[in-house]
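Student:
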Amino acid sequence: MKKLLFFLFFFTFSNLCKADYTPIPLDELILISDKIVVGEIVEVEPVYITIRVEQSLNHDWGFLKIRRFINWTCAMRWTPYQNGQKLVFFLREEEGDYFPIGAGNEGEMPVLEGIVYINDQALSMIDYYYSQQIGRMVFNITPYFLYGGRYHGIKYSLLELMNTVRFVRNCYRIEPENGWAYKRELLCSEEEILAKSEGSDLRLSIFYDFKNRMD
């Protein structure tokens, strides 16, 4: 009886999470962010963290205060906030506050020694659509022990990710339409995008995911 109740609870809980939470793919993270910065946490407060900005697409320098991700029923940050953690932050602004995008903490990606760890939630959708083109899954999602916690994702060059972010923001656009639906538009030709994506599974994955959902 206890096992039956456990499985009923687990099944109900899983379905509720699927209904309440859809992961945000990497291309959307890039395009809907008001700020994208790389920074190191220097202060942790109950509601906010403060980071020292090291790189910024928006020419932010100095220090930036960000609302903490709040753990909830269907998602928890992989490790508690601590000074010294370096991350890429994909941020939205609301009423003067900045907060990481994504109910699954997709908008915070840890950085160590020039390597960024892109989380599995941001990759799952774009990996699926690209795999339809080449007949196999591309990204080898691996567990890593980072800043004291278990994190699932892939290792990627921080420099190349930031170059890809700039490329995506130059060649793609999405605009809100009917709530969370987006109108999608390519600002560069498909030929140019494919030429600049040659040799990059990440860029090609973004292209096929974006194009598939344009219709």
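Here the sequence shown stands for residues -19 to -1, 1 to 196, numbered as in mature numbering (1 follows the signal peptide of the UniProt record, and there is no 0).
Just so you know, even glycine gets a beta-carbon here, dropped at the ideal spot from N, CA and C.
From Ser186 to Glu179, what distance separates their C-alpha atoms?
Tutor: Spanning the two alpha carbons is a distance of roughly 11 Å.
Student: Quick one: grab the DSSP three-state call for Asp182.
Tutor: Looking at Asp182 - three-state DSSP - the assignment turns out to be helix.
Student: For Tyr163, which residues from the same chain have a beta carbon less than 7 Å from its beta carbon, with the 5 sequence-adjacent residues on both sides left out?
Tutor: Closer than 7 Å at the Cβ level, and outside the excluded window around Tyr163, lie Ile155, Glu156 and Pro157.
Student: Run through the DSSP bridge pairs and tell me what Val25 is partnered with.
Tutor: For Val25, which the question treats as bridged, DSSP gives the partners Ile30.
Student: Spatial neighbours of Asn39 within its chain, please: CB distance less than 7 Å, with the 5 preceding and 5 following residues excluded, ordered by chain position.
Tutor: Same-chain partners within the cutoff: Lys16.
Student: Using the Cβ count rule (16 or more neighbours within 10 Å means buried), how would you classify Met165?
Tutor: One detail in the question is off: residue 165 reads as Arg in this sequence, not Met. With 16 or more Cβ atoms within 10 Å of its Cβ, Arg165 is classed as buried.
Student: Over what stretch of residues does the beta strand (DSSP E) that includes Leu167 continue unbroken?
Tutor: Unbroken beta strand (DSSP E) run through Leu167: Tyr163 to Leu167.
Student: Taking 8 Å as the cut-off, does the segment 29 to 47 touch the segment 111 to 121 (at least 3 CB pairs, one atom from each stretch)?
Tutor: No, the segment 111 to 121 does not touch the segment 29 to 47.
Student: Check whether the segment 55 to 65 touches the segment 105 to 112, taking contact to mean three or more Cβ pairs, one atom from each stretch, closer than 8 Å.
Tutor: The segment 55 to 65, when compared against the segment 105 to 112, does not touch it at the 8 Å Cβ threshold.
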